Amino acid sequence: MSRTFVLKRKVGTMSVTARKAIVRICVALGVPMLVSGCAERLPQWQFGARPVFRIAGAPGESVADPSLAWTSGGRLYVGVSTSIGASSAFALFSTSGDGDHLVKNGVAPVRPSLVTGGQSGPIYALDRDEHEHILWSDEASGTHHLYAMQRGWADPAWVLADVRDKSASAKKWIAFGGLSTGPHDTVYASFLDERGNKTPAEDVSSVWFARSANGRAFSPNIQIAAHTCSCCRTATAAAPDGKTVYVAFRGNYDTDVRDMAVATSYDGGRTFGKPVRLGPDGWQIHGCPEAGPSLLVQGDRLYVVWFTLGAESRPTIRLAISDDFGRSFSRAKIISGGILDVNHPKIAALTHDSEVVVFEGTDPSRLAGNGNRQAWAETITGTTPGVPAAATPPEVSIHDPVVAAANAQLIYVAAVAGDDVIIMRGRARTP
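Okay, structure coming up:
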């Protein structure tokens, strides 16, 4: 005789015995537990207990400003600035064929007066043809310059170009550059410039932009916005169409509100429309946060991540998305979860519709211990943020993390740790 089993559901609160039974089943099946049902959301990334690579300077030398780039050939490229006394340099590294060794490739021919550290340090990038690019600030003898250097694999020589117009005064301060590349060896640079500031008692900066193609000199500079935050790095990104270019920056609005904004060009960076203000966050501060935005273009979609305290005066990392080429943006989402003291986010592509964001912050469960800042990695799937995973060891305090994605299952995270730069390797957790 066949038996029919009927599951009767008790109306009301689930009993403690039933909850424990569900937990035991979930654990036995290896299913992560949610607050309601079977499993709690877990971080999508797991990292080793120690760095896979550490870049340390000579005795008395500090290493900072890491940049990471992954090539289609399967190698990780790294750029870092080095400083000893008043002299600085920029060193280049790449992984060996087996991926387990980091080899020094040389030193870029920058000047010893290279500005290092923080939001105005140099940026290193590879374009889609794996040409190398460096954007760096120089300050010597009272002059201020922003230079872009580039070279292709076929030609080992570096090409140096001053980003600023020759007509602009070199005495005026220029820094906090953003760098991106497009088709036909096009290079886009955004930066802050004090030209036009007629109030010497106040640091008043404007956002400017310049473009270069095929290794030629930069075009005349274009002013994008005036009276902006004076020491937050700008960011730029280019869409695959070769026409749409974005520049993001932190504005300085009425009564010192420091909201983010994005300006868009639809003609390859020749002209820009009126910047679109994100948020608004409503963060009011008479000073500079020294924390710029990060941009990523995925097809027709633009992602913007940034740091703010908001009107609530609570440090958070926020995400906004545009699906209409920068004309409007989604309402900002807080993506930093419960991590404390967050700052300095960076975003990189994983797949055509997923991204990874890294930022620095303090683990709330370790406040009774050392309370070090760690790097955290988090996947964004479509428009949905995941759960932050600790990317650096808790016994090491870091700042200014960056990320490069090899593929959907492998990422590298670099950060400044003391006088060194450490590099961690992260693997996607198997569902």
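The opening position of the sequence shown corresponds to residue -19 in this note's numbering, with each subsequent residue numbered one higher.
We put the CB at the ideal spot given by N, CA and C, even for glycine.
Computed from a prediction, not measured in an experiment: that's the story for all the values here.
Thinking LEU401 and PRO46 are a contact (beta carbons under 8 Å), I'd like their distance in whole angstroms, please.
-> Checking the displayed sequence, the identity of residue 401 turns out to be Val instead of Leu. Correct: roughly 5 Å between the Cβ atoms.
Which term fits GLU375, buried or exposed, when burial requires 16 or more other beta carbons within 10 angstroms of its beta carbon?
-> exposed
Work out the CA separation of LEU72 and ASP142 for me, nearest whole Å.
-> 21 Å
Which of helix, strand or coil does DSSP assign to ARG31?
-> Sequence check: residue 31 is Pro here, not Arg. Coil at PRO31, not helix or strand.
Using 8 Å as the Cβ pair cut-off and three pairs as the minimum, do the segment 352 to 368 and the segment 78 to 97 touch?
-> no
Quick one: using the 10 Å Cβ neighbour count with 16 as the cut-off for buried, is ASP304 buried or exposed?
-> exposed
Could you have a look at THR214 and say whether DSSP puts it in helix, strand or coil?
-> coil
Option in GLU292, LEU275 and ILE301 with minimal Cα separation from ILE265 | GLU292
Nearest-angstrom Cα separation, counted from LEU390 out to ALA300 = 25 Å
Proximal residues to ALA397 (C-beta, below 6 Å), its chain only, five neighbours per side dropped = VAL376 and ILE378
Kindly indicate the opening and closing residues of the beta strand (DSSP E) around GLN354.
-> 353 to 361
Let me know if ASN194 comes out buried or exposed under the rule of 16 or more other beta-carbons within 10 Å of its beta-carbon.
-> exposed
Opening and closing residue of the beta strand (DSSP E) in which HIS81 lies = Counting along the chain, HIS81 falls outside any beta strand (DSSP E), and DSSP gives it neither H nor E.
Inter-stretch contact at 8 Å, needing at least 3 Cβ pairs: the segment 330 to 345 / the segment 50 to 61 = no
Label TRP138 either buried or exposed according to how many other C-beta atoms from any shown protein chain fall within 10 Å of its C-beta, with 16 as the threshold for buried.
-> exposed
Inspect the beta-carbon positions of SER170 and ALA217 and report whether they are closer than 7 Å.
-> no
Indicate whether ARG196 and GLY249 have their beta-carbon atoms separated by less than 7 Å.
-> no
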